[in-house]
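Report on the structure given below.
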Amino acid sequence: MKLRLIESAFLLLFIFSSAAFAQSALNVKDSLGNSLLFIRSDGNIGLGSMNPLVRLQVMGDVRSSVLSGRGSRLLFADDRGTIFARGTLPKPGWSLTGNLGINPDSNFIGTLDERALIFRTGGNAHENERMRILPEGGITVNSAGFRAGDLFAVYGRGYSGAINTTEGMADYPVNGYSTGGFSGVYGENTDNGDGVLGVNTSSGAGVFGQNTSVGSGLKGASLKGFGAAGLTGSRGAAGVMGRNKDSLGTGIIALGSGLNTALLIEGGSGISSAGKSIGLFSTATDSISGTGILAGGNSLDTLTMPLKGAGVTGNGRYFGVTGFAHSDTSKKEKWGGYFEASGAPDSYAFTGGSFGKTGYGILSSGTNAVMVKDGKGEHRVMFNPASPEVVLEDYGTGQLERGFSHVSLDSLFSRAITVDDVNPVKVFVQVEGDCNGVFVTNKTKEGFDVRELKGGRSHVYFSWHVVATRGNSISPDGKVEDFSSLRFPKGPGKPEVKVLKTSITGAGSEQVLDKNKKHPSEYKKQGGKKKRK
2 MKLRLIESAF LLLFIFSSAA FAQSALNVKD SLGNSLLFIR SDGNIGLGSM
52 NPLVRLQVMG DVRSSVLSGR GSRLLFADDR GTIFARGTLP KPGWSLTGNL
102 GINPDSNFIG TLDERALIFR TGGNAHENER MRILPEGGIT VNSAGFRAGD
152 LFAVYGRGYS GAINTTEGMA DYPVNGYSTG GFSGVYGENT DNGDGVLGVN
202 TSSGAGVFGQ NTSVGSGLKG ASLKGFGAAG LTGSRGAAGV MGRNKDSLGT
252 GIIALGSGLN TALLIEGGSG ISSAGKSIGL FSTATDSISG TGILAGGNSL
302 DTLTMPLKGA GVTGNGRYFG VTGFAHSDTS KKEKWGGYFE ASGAPDSYAF
352 TGGSFGKTGY GILSSGTNAV MVKDGKGEHR VMFNPASPEV VLEDYGTGQL
402 ERGFSHVSLD SLFSRAITVD DVNPVKVFVQ VEGDCNGVFV TNKTKEGFDV
452 RELKGGRSHV YFSWHVVATR GNSISPDGKV EDFSSLRFPK GPGKPEVKVL
502 KTSITGAGSE QVLDKNKKHP SEYKKQGGKK KRK
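Residue numbering for the sequence shown follows this note's numbering, starting at 2 and increasing by one per position.
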């Protein structure tokens, strides 16, 4: 509807149009001399004004039939300059292109009742909801549901840690990015809670960390507590699991005593642990049958351990437990193993080692013995003889023929002994028949002769026993291990030990499983209206 500003003004313009062109100006006044209409020579018209600065200048109110009725109007102009009215002015609101003069004390976007503020895109259906702000302040994104106790909840739409099943959309519900030295995501708790908490109700991960370079996928740090604590309630699971997909990699690296570097073994391992005093510490709390370490080798599918427990129990197809002392010429002694039963009687044993220049298989302060079974099947102890020297023995039988017999020793025995003026071979003969008696002569490392006394020519049988000094051993590198000169050599004392006290430390917070986070099935979806207690 076209707008006519003032009909009377245009009528007067028509009446005096000729005068307007003929004169430099036209001034129409009322009876009091006030100007009613003024037309300047440049064509500007003033109503109530004698100095119109624009084409039409009106001093006072303007009335038009197209603007009749109360209310505000929007005025528009077309391409010909015609002014017209359309619609009404909107109430105060938020502009799509920004707003000015916002007063944070009185201007806001939200609700005035106890209902949620809902954001939707792509339509007004329920599935188009993208975010909901609840009256009590909780915010949930991509779901109308809300778990009690949450302040901000985000639900993904992909397969990675998500609830919905549309693949490829928002695989990670919440993302944090950082390009500097700080963190993409930061969580903090100043009491006994958790800075960051992740919960998974299926076979996924509650918290997953990944690094595509040489850094850490997941890292925990604590000044006084645990850098990382793992907890599980399943028999077939583990509190902490480390896996290395490289065939020569290491699953878990554990460093103590302030160390920051680790040694990795060639071929990889499940655990590489290091400490200044103790590399690996393990204990069992069952005082009746606990075993500190149970180890199995050769891919055994069953392991054996004593019912009364042990500090260390090893299982293997060939060796259950092995110990190796590496060569060091500066050390007086080295042993593959040491065993001790504390208390009385005091007994300890060194195994597989050397003291001074002599190697020992077993060197013990106790008595060497063996056990046999009696008629009732019970074990009986038999004690081994001991000698102040390193000797080898051999036994045999022979027969005199016309009062003479030559006994040849086993060649292996001969190679293992030393026979000289300082270390003669000792031969003991027991006659097993009636004769004049016998004597031994012509003793060498290869054998000896037995002759009957008084030139007798008997044919009796006899038993013999040979004792000889063990020969020295020469290693491939030319080192001589001396046995021939030993007689009551000095032995090692008990190694020095230190007693370490154990301390009890807590297992960390169990609130994840116990109280802070329930199973999702225990939560009820909350709508837009606040539930009152």
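Every residue gets a Cβ at the ideal spot worked out from N, C-alpha and C, and that includes glycine. Source: prediction; values computed, not measured.
Once you ignore the five residues that flank residue i on each side, which residues in its own chain have a CB closer than 8 Å to its CB?
| i | result |
| --- | --- |
| Met372 | His380, Arg381, Val382 and Met383 |
| Leu12 | Legend: pLDDT at Leu12 = 45, less than 50; position of this residue unreliable, value from coordinates given subsequently. Taken in chain order, the list of residues that qualify is empty. |
| Ser535 | Nothing in the structure corresponds to residue 535, since the chain is present only between 2 and 534. |
| Gly360 | Gly354, Ser474 and Glu482 |
| Val423 | Ser485 |
| Leu308 | Ser290 |
| Thr213 | none |
For residue i, tell me which candidate among the options has the shortest Cα-Cα distance.
| i | options | result |
| --- | --- | --- |
| Gly271 | Gly250, Leu260 and Gly291 | Gly250 |
| Ala117 | Val392, Pro105 and Glu130 | Glu130 |
| Ile46 | Gly61, Asn28 and Val63 | Asn28 |
| Gly268 | Ser248, Gly276 and Ser32 | Ser248 |
| Glu497 | Leu264, Glu482, His460 and Tyr349 | Tyr349 |
| Glu128 | Val155, Ile84 and Ser144 | Ser144 |
| Ser464 | Gly492, Val430, Asp450 and Glu482 | Val430 |
| Gly357 | Leu487, Phe320 and Gly216 | Leu487 |
| Asp478 | Ser328, Ala78 and Asp31 | Ser328 |
| Ser258 | Glu402, Met242 and Ser278 | Ser278 |
| Tyr319 | Val313, Leu301 and Arg148 | Leu301 |
| Gly399 | His460, Ile289 and Leu54 | His460 |
| Gly221 | Ser412, Ala296, Tyr187 and Gly44 | Tyr187 |
| Gly494 | Asp435, Leu97, His407 and Asp347 | Asp347 |
| Arg288 | Asp106, Gly312, Arg236 and Thr303 | Sequence check: residue 288 is Ser here, not Arg. The option with the nearest alpha carbon to Ser288 is Gly312. |
Counting only the same chain and skipping the five closest in sequence on each side, list residues whose C-beta sits under 6 Å from that of residue i.
| i | result |
| --- | --- |
| Asp395 | Phe414 and Val467 |
| Gln512 | Low local confidence applies: a pLDDT of 48 at Gln512 is under 50, so the model's placement there is unreliable, and no value is given. |
| Leu219 | Gly210 |
| Phe351 | Trp336, Tyr339 and Leu364 |
| Thr535 | Residue 535 lies beyond the stretch modelled for the chain, which goes from 2 to 534, so this question has no answer here. |
| Val481 | Asn473 and Ile475 |
| Glu189 | Gly196 |
| Ala275 | Leu256, Leu260 and Ala263 |
| Tyr317 | Before going further, note that residue 317 is Gly rather than Tyr in the sequence given. So the list reads Gly298 and Asn299, once near-sequence residues are dropped. |
| Gly199 | Gly207 and Val208 |
| Ser273 | Thr251, Ile254, Ala263 and Leu265 |
| Phe120 | Arg131 and Met132 |
| Asn201 | Gly207 |
| Asp375 | Arg381 |
| Gly291 | Ala285 and Gly310 |
| Lys427 | Val468 |
| Ile140 | Ile134 and Phe153 |
Take residue i and list the residues in its own chain whose beta-carbon comes closer than 7 Å to its own, dropping the five residues that flank it on each side.
| i | result |
| --- | --- |
| Ala326 | Lys335, Trp336, Gly337 and Gly354 |
| Glu447 | Ser409, Leu410 and Ser415 |
| Gly243 | Gly252 and Ile253 |
| Ala23 | Since pLDDT at Ala23 reaches only 38, below the 50 mark, its modelled position is unreliable, and the value read off the structure follows with that caveat. Correct list: empty, nothing qualifies. |
For residue i, write down the residues that DSSP places opposite it in a beta bridge.
| i | result |
| --- | --- |
| Met383 | Val371 |
| Arg121 | Glu130 |
| Ser273 | Ile254 |
| Thr141 | Arg133 and Ala154 |
| Gly338 | Thr352 |
| Leu393 | Ala469 |
| His407 | Asp450 |
| Gly399 | Phe463 |
| Gly1 | Beyond the ends of the chain as shown, which are 2 and 534, falls residue 1; an answer cannot be given. |
| Thr419 | Thr470 |
| Asn52 | Per DSSP, none; premise fails for Asn52. |
Can you confirm whether the segment 454-470 touches the segment 428-442 when touching is taken to mean that 3 or more C-beta pairs between the two stretches lie within less than 8 Å?
yes
Entirely enclosed beta strand (DSSP E) segments - the segment 285-322, minimum 3 residues:
You should have 292-297 and 311-316.
Any contact between the segment 224-232 and the segment 250-260? By contact I mean 3 or more CB pairs, one from each, below 8 Å.
no
When you compare the segment 339-354 with the segment 459-473, are there three or more beta-carbon pairs, one atom per stretch, that lie closer than 8 Å?
no
Complete alpha helix (DSSP H) runs within the segment 428-516 (minimum length 4 residues, chain order):
512-515
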